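In UniProt numbering, the protein residues as written are 1 to 543. Yeah, the Cβ is synthetic: ideal placement off N, Cα and C, and Gly gets one too. These numbers were taken from a predicted model, which means no experiment stands behind them.
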DNA sequence: GTGGTTTATC
């Protein structure tokens with residue numbers, strides 16, 4: 001029995017379950033039978049195709065004559081497909097003779113396991129070995145470099161032109177993705193033109209590229225000109241409009257689509273949720289269930305995110321029961337969103353319970369639990385979870401440290417905070433960003449160490465933002481440091497929040513003329529009285 | 001025996 005069951009309302013199962021149960025599981029095609037009837041010349045490859053790796057290895061290890069390059073490659077491919085990169089790499093290193101396919105298989109392995117540094121190293125090693133890259137090589141490495149070594153795209157493009165591989169569809173769409181990331185619209189279009197025989201993916205890459213760069217009109221025109229469109233083209237269009245803030249246009253495309261899949265539905269739901277339109281997000285989810293489209297882990301994650309955003313505890317709870325039923329709790333994105341939802345709805349106990357029950361945790365999961373504890377004032381617990389995170393081998397990132405430092409602020413743990421602030425760069429190479437500085441200023445400020453706070457603001461490698469100035473001014477108010485506050489007045493950029501704080505400070509000091517002056521400045525900078533609202537229709541169990 | 005397009009949690 002899952003320990004979480006007792007936490008979930010049984011009534012939750014009533015909702016939508018009839019629809020979930022109706023979806024039949026039709027994935028039962030039996031491909032392996034078909035493959036096993038094929039005649040294969042090499043018995044080792046036959047065993048691999050039938051999934052009998054041990055038989056294959058036995059033959060391979062016993063008969064040196066059977067070990068041609070294709071066989072080596074087949075075995076390495078098998079290991080990569082079964083997530084055994086280390087085995088694959090060992091075999092690759094032992095190969096007496098490698099061909100271009102061997103290199104490409106290994107490169108593809110590093111790409112699939114999301115290891116851009118190893119991918120890069122192997123590519124350099126391949127060049128040193130004198131192997132000439134082909135169109136497979138380029139499509140693999142460009143897509144693998146997209147997040148880390150994207151600066152190399154123009155250089156690789158040069159090499160591609162030199163080798164005459166620019167007209168290949170796969171190379172073309174990989175390059176287009178690369179140039180989209182580099183925000184080079186001209187190059188994007190040039191690569192598109194160079195692909196002689198374009199297919200639907202090439203066109204899709206152009207639509208996505210234009211959308212990413214903010215050219216919605218060009219994207220739409222491209223879509224209209226497309227000789228063939230598929231569901232991905234439509235979804236890219238919907239998603240592009242959402243990314244450009246044109247949610248109504250996205251919806252109109254969405255409504256006119258000839259068919260939709262789970263990705264399309266999820267993209268549209270996310271569009272609403274991101275724009276704080278939670279009602280439409282949920283309504284759309286209900287329509288999705290009615291259309292018999294089965295939600296996947298991204299859909300649930302998106303919906304839980306919406307619940308977290310407006311503290312919809314009951315719906316979050318119901319979603320939890322659906323997730324348990326569909327077996328999607330094992331997905332890291334789902335359980336992480338679930339933790340965040342429970343934390344933001346105030347149920348720390350269940351949030352921690354979900355977290356403890358997770359088999360696989362990643363940096364984001366640790367971040368949400370550390371952040372949740374920090375927000376609820378459980379500073380010691382947050383620090384403790386951080387220690388456990390390090391012990392588990394997970395790597396902290398910038399968000400981890402924002403959460404950790406804010407835990408220190410809540411707990412008034414100045415020394416701890418100082419220590420972590422130093423260690424984050426020294427041990428983990430994480431550069432301190434604006435938010436880390438504002439945490440530190442807040443930490444010093446709240447504990448009365450105004451000089452240290454002021455010194456840090458002066459020493460910051462970039463212009464402080466409202467958050468940093470706000471933290472400093474709050475400290476001035478708390479500890480009646482009017483001199484420092486006067487200094488801030490001359491330095492802080494025009495911002496209603498800053499002036500509003502200064503009004504309060506001058507008022508407390510009894511300097512009414514200065515207070516009025518600040519109030520006028522505040523109004524000039526566009527301050528508006530906020531509409532009061534409890535949003536009672538959403539709030540359940542918020543602390 | 002190798003490759004490209006849509007949703008992705010803090």
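**Where residue 165 falls: helix, strand or coil (DSSP)** = Counted from its first residue, the first chain places residue 165 at position 165. Of the three classes helix, strand and coil, the one that applies to residue 165 here is coil, per DSSP.
**Request:** Note down the Cα distance separating residue 468 from residue 445, rounded to an integer number of angstroms.
**Result:** On the first chain, position 468 is the one that residue 468 refers to. On the first chain, position 445 is the one that residue 445 refers to. Distance between the alpha carbons of residue 468 and residue 445: 11 Å.
**Item:** Coarse secondary structure for residue 311, derived from DSSP in three states
**Value:** In the first chain, residue 311 corresponds to position 311, counting from 1. It is coil, neither helix nor strand.
**Message:** Suppose the cutoff is 7 Å on Cβ atoms and the five residues either side in sequence are ignored; what does the same chain contact list for residue 101 look like?
**Reply:** Translated into positions along the first chain, residue 101 becomes position 101. Same-chain partners within the cutoff: 73.
**Asked** If you compare alpha carbons, which of 104, 466, 355 is closest to residue 438?
**Response** On the first chain, position 438 is the one that residue 438 refers to. Per the Cα distances, 466.
**Message:** In chain order, what are the residue ranges of uninterrupted alpha helix (DSSP H) at least 4 long that sit wholly in the segment 59-120?
**Reply:** Whole alpha helix (DSSP H) segments, 4+ residues: 69-81, 85-94, 100-112.
**Message:** I need the boundaries of the alpha helix (DSSP H) containing residue 376, first residue and last residue.
**Reply:** As a first step, residue 376 must be located in the first chain, where it is residue number 376. It is not in any alpha helix (DSSP H) - residue 376 carries neither H nor E in the DSSP assignment.
**Request:** List the endpoints of the continuous alpha helix (DSSP H) containing residue 472.
**Result:** As a position in the first chain, residue 472 is number 472, starting the count at 1. Looking at the DSSP string, the run of the alpha helix (DSSP H) that includes residue 472 is 466-478.
**Request:** Would you mind listing the alpha helix (DSSP H) stretches within the UniProt repeat "PPR" (230-264) that are 4+ residues and don't spill past its ends, in chain order?
**Result:** 231-243, 247-256
**Prompt:** Which same chain residues, not among the five before or five after residue 265, have their C-beta less than 6 Å away from its C-beta?
**Reply:** For the purposes of this step, residue 265 is taken as the residue at position 265 of the first chain. If we look at residue 265 and ignore the five residues flanking it on each side, its Cβ neighbours are 288, 293.
**Message:** For a test of the three-state rule: what should DSSP assign to residue 227, helix, strand or coil?
**Reply:** In the first chain, counting from the first residue as 1, residue 227 sits at position 227. Coil.
**Request:** State the DSSP-derived secondary structure class of residue 184, mapped to helix, strand or coil.
**Result:** Against the first chain, residue 184 aligns to sequence position 184. Note: residue 184 maps to coil in three-state DSSP.
**Asked** DSSP on residue 289, reduced to helix/strand/coil?
**Response** Within the first chain, numbered from 1, the residue matching residue 289 stands at position 289. The answer is helix: DSSP assigns residue 289 an H, G or I state.
**Item:** residue 301 (DSSP reduced to helix, strand or coil)
**Value:** Taking the first residue of the first chain as 1, we reach residue 301 at position 301. Annotated three-state conformation of residue 301 is helix, per DSSP.
**Request:** Could you say which of 146, 65, 268, 258 lies nearest to residue 245 if we only look at CA atoms?
**Result:** Counting from 1 along the first chain, the entry for residue 245 is found at position 245. Out of 146, 65, 268, 258, 268 has the C-alpha closest to the C-alpha of residue 245.
**Prompt:** What residues in its chain sit with their C-beta under 6 Å from that of residue 337, if we drop five residues either side in the sequence?
**Reply:** By 1-based counting over the first chain, the position of residue 337 is 337. Excluding residues within five positions, the ones whose Cβ falls inside 6 Å are 301, 304, 305.
**Prompt:** DSSP state of residue 345, grouped into three classes?
**Reply:** Here the question's residue 345 lines up with position 345 in the first chain. Reduced to three states, the DSSP call for residue 345 is coil.
**Prompt:** Taking residue 162 as the reference, which of 170, 138, 151, 177 has the closest Cα?
**Reply:** The sequence position of residue 162 within the first chain is 162, counting from 1. The shortest Cα separation from residue 162 among 170, 138, 151, 177 belongs to 138.
**Prompt:** Rounded to a whole number of angstroms, what is the C-alpha to C-alpha distance between residue 175 and residue 184?
**Reply:** Start at 1 with the first residue of the first chain, and residue 175 comes out as number 175. Start at 1 with the first residue of the first chain, and residue 184 comes out as number 184. Going from the Cα of residue 175 to the Cα of residue 184 covers about 11 Å.
**CA nearest to the CA of residue 326, picked from 239, 296, 310** = For the purposes of this step, residue 326 is taken as the residue at position 326 of the first chain. Taking only the C-alpha atoms, the option nearest residue 326 is 296.
**Request:** Determine the extent of the alpha helix (DSSP H) in which residue 43 is found, giving its start and end residues.
**Result:** The sequence position of residue 43 within the first chain is 43, counting from 1. Note, residue 43: alpha helix (DSSP H), 43-49.
**Message:** I'd like to check one pair, residue 408 with residue 443: are the Cβ atoms closer than 7 Å?
**Reply:** Taking the first residue of the first chain as position 1, residue 443 is located at position 443. Taking the first residue of the first chain as position 1, residue 408 is located at position 408. In contact: residue 443 and residue 408 (Cβ atoms closer than 7 Å).
**Message:** Suppose the cutoff is 8 Å on Cβ atoms and the five residues either side in sequence are ignored; what does the same chain contact list for residue 107 look like?
**Reply:** Position 107 of the first chain, counting from 1, holds the residue named residue 107. For residue 107, where only same-chain residues beyond five positions count, the Cβ hits under 8 Å are 119, 122, 123, 126, 137, 140, 141, 144.
**Item:** Distance between residue 313 and residue 324 (C-alpha atoms, nearest Å)
**Value:** Here residue 324 refers to the residue found at position 324 when the first chain is read from its first residue. Here residue 313 refers to the residue found at position 313 when the first chain is read from its first residue. If you draw a straight line from the Cα of residue 324 to the Cα of residue 313, it comes to about 17 Å.
**Message:** According to DSSP, simplified to helix, strand and coil, what is residue 154?
**Reply:** Counting from 1 along the first chain, the entry for residue 154 is found at position 154. Helix at residue 154.
**Message:** Considering Cα atoms alone, identify which of 147, 169, 133 is closest to residue 156.
**Reply:** Position 156 of the first chain, counting from 1, holds the residue named residue 156. Comparing Cα-Cα distances from residue 156 to each of 147, 169, 133, the minimum goes to 133.
**Separation of residue 47 from residue 31, as counted between CA atoms** = Residue numbering aside, residue 31 sits at position 31 when the first chain is read from its first letter. Residue numbering aside, residue 47 sits at position 47 when the first chain is read from its first letter. Below a pLDDT of 50, predicted positions are generally treated as unreliable, and residue 31, at 40, falls in that range; no measurement from the model is reported.
**Message:** Need the endpoints of the alpha helix (DSSP H) that residue 331 sits in, please.
**Reply:** Position 331 of the first chain, counted from the start, is the residue given in the question as residue 331. Per DSSP, residue 331 belongs to no alpha helix (DSSP H) and is neither H nor E.
**Message:** Alpha carbons only, please: which of 113, 478, 425 is nearest the one belonging to residue 397?
**Reply:** Within the first chain, the letter at position 397 stands for residue 397. For residue 397, the nearest C-alpha among the options comes from 425.
**Message:** Suppose you measure from the CA of residue 523 to the CA of residue 496; what does that come to, to the nearest Å?
**Reply:** Here residue 523 is taken as the residue at index 523 of the first chain, counted from 1. Here residue 496 is taken as the residue at index 496 of the first chain, counted from 1. So the alpha carbons of these two residues sit roughly 7 Å apart.
**Request:** Within its chain, find whatever has a CB closer than 8 Å to the CB of residue 526; leave out the 5 residues flanking it on each side and keep chain order.
**Result:** Here residue 526 corresponds to residue number 526 of the first chain, with the count starting at 1. Only 496 meet the Cβ criterion.
**Request:** Classify residue 286 as buried or exposed, calling it buried when 16 or more other Cβ atoms lie within 10 Å of its own Cβ.
**Result:** Translated into the one-based positions of the first chain, residue 286 becomes position 286. Residue environment analysis places residue 286 among the exposed positions, since fewer than 16 neighbouring C-beta atoms fall within 10 angstroms of its C-beta.
**Prompt:** How many whole angstroms separate the CB atoms of residue 146 and residue 181, which I take to be in contact at a CB cut-off of 8 Å?
**Reply:** Within the first chain, the letter at position 146 stands for residue 146. Within the first chain, the letter at position 181 stands for residue 181. Rounded, the Cβ-Cβ distance is 6 Å, consistent with contact.
**Prompt:** At what residues does the alpha helix (DSSP H) containing residue 412 begin and finish?
**Reply:** Mapped onto the first chain, residue 412 falls at position 412. First-last for residue 412: undefined, no H or E at that position.
**residue 423 classed as buried or exposed, judged by whether at least 16 other C-beta atoms fall within 10 angstroms** = Indexing the first chain from 1 puts residue 423 at position 423. It counts as exposed.
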